[in-house]
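Report on the following structure.
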Amino acid sequence: MKNNYPTITISNEGETWLQKGQMWMYRNNLVQANEKIPDGGIVNIISNDGTYYGTGFYSPISHITCRILTKDESETIDQAFFEKRIRFAYDYRKTVEPNNLSNCRYVFGEADLLPGLVVDCYNDI
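Residue numbers (my numbering): 24 to 148.
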């Protein structure tokens, strides 16, 4: 792997879901977590044969065990990663709703490849 994040191993069923484009991994599809990973930690998702499927947030207590942030194993999840994603989401909003940026959803979770994150602007509230 091109990064040093801990790994979680998924079942064949989990692998099938990810191959179909799913960006979440459910707890019942988790086979093994190789290390003691803190809630909210960044992990790589691999199959039983070691195939890389993505990197994302891990939650050992949630039904959604992992929310995938990227499928590029060379990508580092750091401040620059989030700044780039948020800037892209904001720039997109400027193209589709240029006259209404004071009341809009700047970031809409999975739609902006930032699973679980919603950022709304309500004028001056």
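All C-beta atoms in this analysis are idealised placements derived from N, C-alpha and C, irrespective of residue type, glycine included.
Within 10 angstroms of its Cβ, does residue i collect 16 or more other Cβ (buried), or is it exposed?
| i | result |
| --- | --- |
| Gly44 | exposed |
| Gly77 | buried |
| Glu106 | exposed |
| Leu124 | exposed |
Near residue i, what residues of its chain come up, given a Cβ to Cβ distance below 8 Å and the 5 sequence neighbours on each side ignored?
| i | result |
| --- | --- |
| Tyr145 | Asn126 |
Would residue i pass as a contact of residue j if the rule is Cβ separation under 8 Å?
| i | j | result |
| --- | --- | --- |
| Leu53 | Thr93 | no |
| Tyr28 | Ile65 | yes |
| Ile84 | Asp62 | yes |
Tell me which same chain residues have a C-beta within less than 7 Å of the C-beta of residue i, skipping the five on either side of it?
| i | result |
| --- | --- |
| Tyr49 | His86, Ile87, Thr88 |
Measure the beta-carbon distance from residue i to residue j and round it to whole angstroms, keeping in mind my assumption that it falls under 8 Å.
| i | j | result |
| --- | --- | --- |
| Trp47 | Arg90 | 6 Å |
| Ser70 | Ile33 | 6 Å |
Take residue i and list the residues in its own chain whose beta-carbon comes closer than 6 Å to its own, dropping the five residues that flank it on each side.
| i | result |
| --- | --- |
| Glu98 | none |
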